[in-house]
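Working notes, structure below.
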Ligand SMILES: [Mg+2]
């Protein structure tokens with residue numbers, strides 16, 4: 218099992234090992250959705266449904282944590298249930314809920330709050346006793362901005378700019394610059410925040426709730442009651458960094474936006490505790506990555522080292538079933554060489570040997 222959070226914060230130079238299945242080593246999986254459970258188009262990622270059902274049958278609690286503030290927890294739970302992973306609205310935590318809590322801590326109950334976003338945000342604000350309003354002239358005491366979907370009009374950004382220009386405090390559910398869709402990459406809430414920032418002369422700064430910021434992790438732990446959570450995600454700069462900031466362990470799955478090359482180049486706060494090809498990684502232990510005393514790192518049958526300006530991978534069975542062990546060994550070599558920075562070594566040949 219991984220070392221304690223404090224130590225890891227300064228010293229994650231290789232992936233951790235676990236002698237038992239992660240689904241038994243941790244009480245709750247805090248799962249990202251896009252790129253982990255389903256694709257941007259909404260279809261389930263291969264093996265995700267079976268793995269989640271098996272993990273839950275084994276006693277692991279499943280919770281879903283999304284930066285997307287557009288959909289309500291009810292809508293997300295219905296989608297998961299339709300895919301074959303029965304979920305209740307209470308199993309879903311959104312950045313809309315996290316930002317609503319932030320606002321509610323700062324303003325009196327019953328306050329009007331200007332919403333620039335979708336239904337998920339309005340529902341979350343009402344849940345905290347706040348009153349969503351639509352105009353800067355409605356006397357808002359806060360402006361909250363969240364992803365509003367493709368049909369949100371330009372006038373919404375203008376209302377935010379008017380209110381912020383009058384000195385009203387500004388909040389954002391999250392600042393993801395992009396949002397993946399079935400037809401490509403579109404502008405996310407972070408891009409919309411920048412529109413408002415430019416329009417207001419760059420003088421105001423929003424309070425941000427979503428991953429990787431601590432309010433999102435706090436909201437998640439409060440709602441799930443997780444005592445030994447494992448964050449499971451596909452993005453280094455939101456999911457994994459959020460786990461790092463919260464001092465909890467994390468599992469990166471390679472089914473979303475992060476490939477093995479990006480993992481090897483990760484800076485310390487982006488290095489996950491564990492890595493797996495997909496969610497089946499919840500159901501297994503994780504092999505240790507061992508330093509061999511000669512500058513190399515071994516995992517499974519693989520040995521990785523740094524030589525000149527490249528990472529070198531030896532042994533193993535190219536294209537075989539344990540290529541993830543090769544990735545783990547390479548993480549040891551790359552992260553140790555990088556120290557507190559990012560590894561600049563060429564990983565092309567080593568990854569080609571793994572078929573990645
Ligand atoms: Mg994701």
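Numbering (our numbering), first residue to last: 218 to 573. Think of the CB as a built atom: it goes at the ideal place given N, C-alpha and C, for glycine as much as any other residue.
Check, Outcome
"Boundaries of the beta strand (DSSP E) in which residue 374 is found, first to last residue", "No beta strand (DSSP E) contains residue 374, which is instead part of the alpha helix (DSSP H) from 371 to 382."
"Residue 266 versus residue 331 - alpha carbon distance", "38 Å"
"Per-residue burial, residue 245 [other beta carbons within 10 Å of its own, 16 or more giving buried]", "buried"
"Rounded separation between residue 250 and residue 282 - CA only", "7 Å"
"Cβ shell of residue 437 (< 6 Å), same chain only, five flanking positions each side left out", "247, 282 and 310"
"Identity of the residue in 440, 495 and 460 nearest residue 474 by Cα", "495"
"Contacting residues, own chain, Cβ-Cβ under 6 Å from residue 507 (five flanking each side not counted)", "515"
"Residue 521: first and last residue of the uninterrupted beta strand (DSSP E) it sits in", "519 to 524"
"For residue 560, the three-state DSSP class (helix, strand or coil)", "coil"
"Residue from 358, 371, 363 and 305 with nearest C-alpha to residue 284", "363"
"Rounded C-alpha distance that separates residue 529 from residue 405", "38 Å"
"N- and C-terminal bounds of the beta strand (DSSP E) containing residue 395", "395 to 398"
"Whole-angstrom distance between residue 369 and residue 556, CA atom to CA atom", "44 Å"
"Cβ shell of residue 333 (< 6 Å), same chain only, five flanking positions each side left out", "362, 373 and 377"
"Check: residue 454 C-beta below 7 Å from any heavy atom of ligand 1", "no"
"Beta-carbon proximity of residue 279 to residue 308, cut-off 8 Å", "yes"
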